[in-house]
Amino acid sequence: MEAVNMDHLYQPYAHQDNSAAFDVVAAFSELETSRKMTLFDQLMSGRANAYRNTLKSIWPQSNDHDAKKLEIILRARLDRLKKFS
230 MEAVNMDHLY QPYAHQDNSA AFDVVAAFSE LETSRKMTLF DQLMSGRANA
280 YRNTLKSIWP QSNDHDAKKL EIILRARLDR LKKFS
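Take 230 as the starting number for the sequence shown in this note's numbering and just add one per residue.
1) Buried or exposed: Val254, going by 16 or more other Cβ atoms within 10 Å of its Cβ?
2) For Gln290 and Phe257, which I take to be in contact (beta-carbon distance under 8 Å), what is that distance rounded to the nearest angstrom?
3) Taking only the alpha-carbon atoms, compute the straight-line gap between Ala279 and Lys312 and give it to the nearest angstrom.
4) Once DSSP output is grouped into helix, strand and coil, what is the label at Asn292?
5) Can you give me the Cβ contacts of Leu272 inside the same chain, cut-off strictly under 7 Å, excluding the 5 residues immediately before and after it?
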């Protein structure tokens, strides 16, 4: 009968989080104003595919999770601005 190494059973699962490697919010804050406006306009005019494609062309390491995260932040900021106007 073979002995089975059971050491790995009690080690915590190491889940790789791709968002930790790339921070879309920090990258967006460092982006040129014209590119920020392009992304914002595409998002607010309902051109989701263009928004994701532009995001991917600016940051090839971004993914759909990053696109959604940035979308949520931009929409929340717009909602806050609407409350004060």
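Don't be surprised by glycine CBs; every beta carbon is placed ideally from N, CA and C.
By the coordinates alone:
1) exposed
2) Wrong, their Cβ atoms sit about 14 Å apart, outside the cutoff.
3) 28 Å
4) coil
5) Tyr280, Glu300 and Leu303
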